Structure formats: C-alpha cells, structure tokens
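**Student:** Following this message is one structure expressed as structure tokens.
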Amino acid sequence: MQTQRFLITGGSQGIGAALVALARKAGHQVVFTGRNESQIASVAAETGAHGVRADVSVDGDNLRTVDTCRQQMGGVDVLVNNAGFGYWGEIGEMNVDEMRKVFATNVFGVVDLTNRVVPMMKAQASGDIINVASTSGTKGAKGGTAYAGSKWALRGITQCWQAELRPHGIRVVSLCPSEVQTNFGGRGGRDNPNKLYSEDIAQTILVGLEMPRRVLWPEVAVFANNPWKED
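So in our numbering, spot 148 of the sequence shown is number 144, and the numbers just go up one at a time.
Below is the structure:
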C-alpha cells in the first residue's frame, strides 16, 4: 500500500494508539485526536504522529482537527472513526442525559467529522472511512440501551454512506470488534493471551486497507478464537 494520510480519532490509547503506531511503522502520515494531553504527548513522542487535543462531540474541535490535517498532510486519505465510550443502564432507571453524551460522541460526532472530511475525498475520487462499531451493535444485551444503541446506529449510518460514496471511489467499512483488552470502561490491566488485543484490531484495519481498490468489506466482525481459555 502506498503512503496514505491517516486521521484517527481516539488515538491516544487503546485501539487508536495501536493503529497510530502500526500506521507510522508502515510509513504513513498520521494525525490523531485525543482528550488527555499527557497521553497525546506520549503517543506523539513514541510514533512521530501529530496529536491534536480534540473532542469529537464538539463541532469546533472537529473543524480544527480537519484544518490541522490540511496543514500537516495536505488532506485525508483514511479516516478512522474510533473515538467512543459507553454508558450502561437498564430501562426504567436510565440517565438519559448520559445516553445523550454517548450518542454525541459515538454517533453525532462521527457524522460531523466525516461530513467535513468527505468533500476532500470526493475531490480526489478516493478514500477510506473505517467506522469502529462493536459486536454490541449486532445484538441486544441487558443494560446496553445507550452503548449498543449507538453502535447499531453507527452500523446503519455506515450502510447509508456506502450507498452514497461508492460511486465516488470511497470505501466505507463497519468494523465490529468483540471484547478487546483495553482500558475501555475502566477495565485495564488485563493480559490474557487468548483474548483480543488492540494490535489485533489495528492489524485488521491495515489488512483491509491493503485490499485492491475494487474490493469492499462492508462489515467485518472480529472475535477471539477461544476467549474462555485461561492460561
């Protein structure tokens, strides 16, 4: 794959940070966003990528992020909508304000940022958009109204964008990881060699991007083969 210009949201930790590192190792240009200044500085120092302190739920931050991509790289070839978080609560006891915050990042923030990037991709008649959804967006679960609902929405949005953007040479993929050993939800410190790591998801993204331009993976689910095994 020739050198590409990546914009990766939520790139200061977890899956995003793993992808920043692998993309830079492969020689790509990378701008990434995050909300924690020290984590951003650490990833930038380790990889040579350009970090931006930005919250995708804030329209002004998205405008600044896209302007930074133009200044640093001259545009965007690959947009990875990775930033996201969850809130869990059962119906009858839901904090709807917390649910709105989830959708502001996981859905509306994705739409706003992508809305700003797509005109550049249309102008160059090429591009890749990776929406990091979740296997939680393929099935309902107790307490999952907010998080699972946001990922169901993202999968549907991805399908709409596929219909709109394929004629412009732009591929849009919904990536649905199962449980990954990150600090998501405050569950850090896990190191089971049989469960998924952030690097596994980052590698999956790069493999998909290396497919010939005529090939589209509309949706990819990634599971650990035997996550029940404890070593």
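We put the CB at the ideal spot given by N, CA and C, even for glycine.
Just so we're clear, the structure is a prediction, and the values are computed from it rather than from any experiment.
Which residue comes first and which comes last in the beta strand (DSSP E) that contains Gly123?
**Tutor:** Numbered from its first residue, the sequence shown carries residue 123 at position 127. That run of the beta strand (DSSP E) goes Gly123 to Val128.
**Student:** Alpha carbon to alpha carbon, how far is Val27 from Gln9? Give it in angstroms, no decimals.
**Tutor:** Reading the sequence shown from its first residue, position 13 is the one you call residue 9. Reading the sequence shown from its first residue, position 31 is the one you call residue 27. Taking the straight line joining both Cα atoms gives about 14 Å.
**Student:** Quick one: using the 10 Å Cβ neighbour count with 16 as the cut-off for buried, is Asp73 buried or exposed?
**Tutor:** Position 77 of the sequence shown, counted from the start, is the residue given in the question as residue 73. Buried: at least 16 other Cβ atoms inside 10 Å.
**Student:** If you drop the 5 nearest sequence neighbours on each side, which residues of the same chain put their C-beta closer than 6 Å to that of Glu206?
**Tutor:** On the sequence shown, position 210 is the one that residue 206 refers to. Same-chain partners within the cutoff: Met(-3).
**Student:** Measure the C-alpha to C-alpha separation of Ile197 and Ile126 and round it to an integer number of angstroms.
**Tutor:** Counting from 1 along the sequence shown, the entry for residue 197 is found at position 201. Counting from 1 along the sequence shown, the entry for residue 126 is found at position 130. In a straight line, the C-alpha of Ile197 is about 12 Å away from that of Ile126.
**Student:** Under the DSSP definition of a beta bridge, which residues are partnered with Ala217?
**Tutor:** If you number the sequence shown from 1, residue 217 lands on position 221. Ala217 pairs with Cys172.
**Student:** Candidates Lys21, Asn91 and Glu175: which alpha carbon is nearest Gly44's?
**Tutor:** Looking up residue 44 in the sequence shown gives position 48. Checking every option, the nearest Cα to that of Gly44 belongs to Lys21.
**Student:** Can you tell me which of the three DSSP states Gly30 falls into?
**Tutor:** Translated into the one-based positions of the sequence shown, residue 30 becomes position 34. Gly30 falls in the strand class under three-state DSSP.
**Student:** State the Cα-Cα distance for the pair Pro163 and Met116, rounded to the nearest angstrom.
**Tutor:** On the sequence shown, position 167 is the one that residue 163 refers to. On the sequence shown, position 120 is the one that residue 116 refers to. Their Cα atoms are separated by approximately 15 Å.
**Student:** Going by CA-CA distance only, name the one from Val106, Val76 and Val203 that's closest to Ile153.
**Tutor:** Here residue 153 corresponds to residue number 157 of the sequence shown, with the count starting at 1. Comparing Cα-Cα distances from Ile153 to each of Val106, Val76 and Val203, the minimum goes to Val106.
**Student:** Would you mind giving the Cβ-Cβ distance between Cys103 and Leu150, rounded to the nearest angstrom? I have them listed as a contact below 8 Å.
**Tutor:** If you number the sequence shown from 1, residue 103 lands on position 107. If you number the sequence shown from 1, residue 150 lands on position 154. Per the sequence presented here, residue 103 reads as Val, with Cys not at that position. Rounded, the Cβ-Cβ distance is 6 Å, consistent with contact.
**Student:** For Ala220, collect the residues of the same chain with a Cβ closer than 7 Å to its Cβ; drop the 5 residues on either side in sequence, then sort them by chain order.
**Tutor:** Numbered from its first residue, the sequence shown carries residue 220 at position 224. Correct list, in chain order: Ser174, Asn190, Lys191 and Leu192.
**Student:** Let me know the secondary structure DSSP gives Asn77 once reduced to three states.
**Tutor:** Position 81 of the sequence shown, counted from the first residue, corresponds to residue 77. DSSP places Asn77 in strand when its eight states are reduced to three.
**Student:** Which value, in whole angstroms, describes the spacing of the CA atoms of Ile87 and Arg96?
**Tutor:** The residue given as residue 87 occupies position 91 in the sequence shown. The residue given as residue 96 occupies position 100 in the sequence shown. One C-alpha to the other measures close to 14 Å.
**Student:** Fully enclosed by the stretch 35 to 116, which beta strand (DSSP E) runs are 3 residues long or longer?
**Tutor:** 46 to 49 and 74 to 77
**Student:** Give me, in chain order, the residues of the same chain whose beta-carbon lies closer than 6 Å to that of Ala40; leave out the 5 immediate sequence neighbours on both sides.
**Tutor:** Here the question's residue 40 lines up with position 44 in the sequence shown. Scanning its chain for C-beta atoms nearer than 6 Å, with the 5 sequence neighbours on each side dropped, one finds around Ala40 the residues Gly47, in chain order.
**Student:** Span of the alpha helix (DSSP H) holding Arg210?
**Tutor:** By one-based count along the sequence shown, residue 210 stands at place 214. Segment: none, Arg210 is in no alpha helix (DSSP H) and carries neither H nor E.
**Student:** Determine the burial state of Asp93: buried for a count of at least 16 other Cβ atoms within 10 Å of its Cβ, exposed for fewer.
**Tutor:** Taking the sequence shown and counting its residues from 1, one reaches residue 93 at position 97. Under this definition Asp93 is an exposed residue.
**Student:** For the putative contact between Val216 and Gly204, defined by C-beta atoms under 8 Å, what is the C-beta separation to the nearest angstrom?
**Tutor:** Stepping through the sequence shown from its first residue, residue 216 is reached at position 220. Stepping through the sequence shown from its first residue, residue 204 is reached at position 208. About 7 Å; that satisfies the 8 Å criterion.
**Student:** By how many angstroms is the C-alpha of His24 removed from the C-alpha of Asn222?
**Tutor:** Taking the first residue of the sequence shown as position 1, residue 222 is located at position 226. Taking the first residue of the sequence shown as position 1, residue 24 is located at position 28. The C-alpha of Asn222 lies about 33 Å from the C-alpha of His24.
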